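Residue numbers (this note's numbering), protein chains in the order written: chain A, 93 to 327; chain B, 93 to 327.
2 protein chains.
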Amino acid sequence: MSENTSAGGSVWLRPDRPGRGPAPEHSRAEIATAAIALAGASGLAAVTMRSVAAAIGTGPSSLYRYVANRAELVELMADQARGELAADGTGPGEPAARLLTIAREGLVLYRRHPWLLDVPATPVPGPNAIAFIEHCLTALTGVDQPAAARLETIALFSGAVRLCAQAEVEQRRAGRGAAQWQGELAAYLTQVAGDGRHPHLAAALASAAGAPAAGAGDPFERAMAKILAGLLSAR
Amino acid sequence: MSENTSAGGSVWLRPDRPGRGPAPEHSRAEIATAAIALAGASGLAAVTMRSVAAAIGTGPSSLYRYVANRAELVELMADQARGELAADGTGPGEPAARLLTIAREGLVLYRRHPWLLDVPATPVPGPNAIAFIEHCLTALTGVDQPAAARLETIALFSGAVRLCAQAEVEQRRAGRGAAQWQGELAAYLTQVAGDGRHPHLAAALASAAGAPAAGAGDPFERAMAKILAGLLSAR
DNA sequence: CGTTAATTGCGATCATTGTTCGCCGTTACC
DNA sequence: GGTAACGGCGAACAATGATCGCAATTAACG
């Protein structure tokens, strides 16, 4: 039994250390890369120990030499994907503009790796998540907030980005495929809106249907602009 | 094979209809209640088809007469729990204050049912989720936003509530139990902060450690106030 | 009232998945 | 050169989600 399962609450506290035995034939990065490829092709649910093991040409049990369990594997995947984030958003300009740049970067990351939206939040941030936080802190230079409050700001900010990305990706998934599904959903909503007990919702849906492109502009841009205005306001 | 598996994209499109055969011995509400009890006692992972079936005194396969799959069961649980939300926040006052009341209500709901944070977002809202939206729309009366934009506002608002609740519950989970875990996390963070490559993070952590109660007041109140200020600003 | 058809309950069962155990070969350290 | 630790991996286990088919039951229909 390796120490993967015994000590070390998180993966990041258990670095690859060269031991006494033979050199490992694989690496965490290689495993994560293979897992990311699987997730990109068939979703996070397709990332099973067996499929990942087969992808790198070994048996399932071999993976447990590198990872304590599947959750840690997913953690590795998520952090490695976050490593693809560009380090933009540190140029001149207002903090809001800088963070908006970072937000756009995050959106394209979620578009490229939709399975990231299925990764549960983990308590311990990986190195790339920490780099992202540092990056956001850099962009927050000049904002009138105590240093501790800025961490909360970043948490809310990245949560908002994730939420917007989730809405977009979800809409995309629904858009593909089932036209029948769209119809059923519409029937359901109109039924609910027509029962008289949800007048405001009925009005909102009617408004949305009447002027589909009413709120012109990118919804993501709108949402992030509003949220950033609130988050960066004088405390 | 019932129609649970064949047609109807969502549970809400497949109401309990009295058929020709014997009356069902259970109901969706009863099953959801039993499942909620299990989740409250041992977490959402403890809600298995077998455990729920045993809780109501039947076999696992019987559940599939009421629910197409486990995901639908969880959907039922989530919507039923949302039904416990009080309908406060419609009194007089500014919209921000009304929504803040609703946000507090949501926080206590997440505190009472922490497993709700583990429920993945579902595309089709259940009846109680729709009632919640209607409720928020009522509270948004008088806000200078087109009706369609208000739906986005509500989505961002409830997402923020969920995010804050997640942070609080997560902190509570970490607080209980592992003091060793706390130490390892602290060691990890100080190591990261001390490597010189994350100066802003080091400063923020030092500030947070130096003045733990610096940002006095409830973090939830602070966060929601800021976010609401942004969301409700003139479009 | 007898027939029919739809529906429920459920035991048995299958496929899949995460995970563990034990053995063997390999490699670095003394 | 011995030894102790380590990696690879085949085999297996427990748990879970889900399916199938059959018997029992009941409402609708003529």
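Just so you know, even glycine gets a beta-carbon here, dropped at the ideal spot from N, CA and C. These figures come from a predicted structure and were not determined experimentally.
Proximal residues, the segment 203 to 227 of chain A versus chain B, C-beta separation under 7 angstroms: Residues are counted here when their Cβ sits less than 7 angstroms from a Cβ of chain B; for the segment 203 to 227 of chain A these are Ala213, Pro215, Val216, Ile222, Ile225, Glu226, given in chain order.
Proximity test, Cβ basis, 8 angstroms: Glu95(A) and chain B: At Glu95(A), the pLDDT of 49 sits below 50, so the modelled position is not reliable and the matter cannot be decided from this model.
Interface residues of chain B facing Arg242(A) [CB-CB closer than 7 angstroms]: Chain B residues near Arg242(A): Ala296.
Uninterrupted alpha helix (DSSP H) stretches inside the segment 147 to 194 of chain A (no shorter than 4 residues): Complete alpha helix (DSSP H) runs here, min 4: 162 to 174.
Where Pro49(A) falls: helix, strand or coil (DSSP): Residue 49(A) lies beyond the range of chain A shown here (93 to 327); nothing can be said about it.
Ala315(B) to Leu208(B) span [Cα, whole Å]: A straight-line Cα-Cα distance of about 20 angstroms links Ala315(B) and Leu208(B).
8 angstroms Cβ cutoff met for Glu226(A) and His290(B): Yes. Within cutoff.
Gly267(A) versus Gly113(A): straight-line alpha-carbon distance, rounded: The straight-line gap from Cα to Cα measures roughly 52 angstroms.
8 angstroms Cβ cutoff, Glu262(A) in contact with chain B: For Glu262(A), the nearest CB of chain B lies under 8 angstroms from its own CB, placing it at the interface with that chain.
Contact with chain B by His118(A), beta-carbon distance below 8 angstroms: Interface with chain B (8 angstroms Cβ-Cβ cutoff): His118(A) is excluded.
Residue-chain proximity (Pro107(A), chain B), Cβ-Cβ < 8 angstroms: For Pro107(A), no Cβ of chain B is located within less than 8 angstroms of the residue's own Cβ.
Gly322(A) at chain B interface by Cβ criterion, 8 angstroms: At least one chain B Cβ lies under 8 angstroms of Gly322(A).
Exposure label - Gly111(B); buried when at least 16 CB within 10 Å: By the 16-neighbour rule on beta-carbons within 10 angstroms, Gly111(B) is exposed.
Whole-Å CB distance - Ile128(B) paired with Ala195(B), under 8 angstroms assumed: Their Cβ separation, rounded to whole angstroms, is 22 angstroms, which puts Ile128(B) and Ala195(B) out of contact at 8 angstroms.
Listed by chain order, chain A residues near Ile319(B) by CB distance under 8 angstroms: Within chain A, the residues near Ile319(B) are Leu248, Ile319, Gly322, Leu323.
At least three beta-carbon pairs within less than 8 angstroms, the segment 137 to 157 of chain B to the segment 176 to 192 of chain B: Judged by Cβ distances under 8 angstroms, the segment 137 to 157 of chain B makes no contact with the segment 176 to 192 of chain B, as fewer than three pairs qualify.
Sequence ranges, alpha helix (DSSP H) only - wholly within the segment 247 to 299 of chain A, length at least 4: Fully enclosed alpha helix (DSSP H) runs of no fewer than 4 residues occupy 271 to 286 of the segment 247 to 299 of chain A, in order along the chain.
Residues in the segment 160 to 172 of chain B having any Cβ partner in chain A nearer than 9 angstroms: Residues passing the 9 angstroms Cβ filter: none.
Ser98(B), DSSP secondary structure in three states: In this predicted model, Ser98(B) has a pLDDT of only 42, less than 50, meaning its place in the structure is not dependable enough to derive any value.
Distance between beta carbons of Pro116(A) and Arg142(A), contact taken as under 8 angstroms: Going by Cβ atoms, the distance from Arg142(A) to Pro116(A) rounds to 20 angstroms, so no, they are not a contact pair.
8 angstroms Cβ cutoff met for Lys318(A) and Ser250(B): The Cβ atoms of Lys318(A) and Ser250(B) lie no closer than 8 angstroms to each other.
Chain B residues whose Cβ lies nearer than 8 angstroms to that of Ser299(A): The contacting residues are Pro238, Ala239, Ala240.
Contact set for Leu281(A): own chain, Cβ-Cβ below 8 angstroms, skip 5 residues either direction: Same-chain partners within the cutoff: Leu297.
Which listed residue (Glu260(B), Arg242(B), Val284(B), Gln272(B)) has its alpha carbon closest to that of His292(A): Here the closest residue by C-alpha is Arg242(B).
Secondary structure of Thr235(B), DSSP reduced to three states: Correcting the residue identity first, residue 235(B) is Val in this sequence and not Thr. It is coil, neither helix nor strand.
Chain-ordered neighbours of Ala315(B) on chain A, where CB pairs are closer than 7 angstroms: Chain-order list of chain A residues neighbouring Ala315(B): Glu244, Leu248, by C-beta distance under 7 angstroms.
Nearest-angstrom beta carbon gap, Ala295(A) and Leu248(B) [assumed within contact, 8 angstroms]: 20 angstroms between Cβ atoms; not a contact.
Buried versus exposed, by CB contacts within 10 Å (16 or more), Val200(B): Burial call: exposed.
Contact under 8 angstroms by Cβ, Gly218(A) with Glu186(A): No, they are not a contact pair.
N-terminal and C-terminal residue of the alpha helix (DSSP H) that Leu323(A) is part of: Element bounds for Leu323(A): 311 to 323.
Simplified DSSP assignment, three categories, for Arg203(A): Taken through DSSP and simplified to helix, strand or coil, Arg203(A) comes out as helix.
CB contact check: Leu41(B) to chain A, cutoff 8 angstroms: In the structure as shown, chain B begins at 93 and stops at 327. Residue 41(B) is therefore absent and cannot be evaluated.
Contacting residues, own chain, Cβ-Cβ under 7 angstroms from Pro206(A) (five flanking each side not counted): Answer for Pro206(A): Val261, listed in chain order.
Cutoff 8 angstroms: Tyr158(A) Cβ touching any chain B Cβ: It does not; no Cβ of chain B falls within 8 angstroms.
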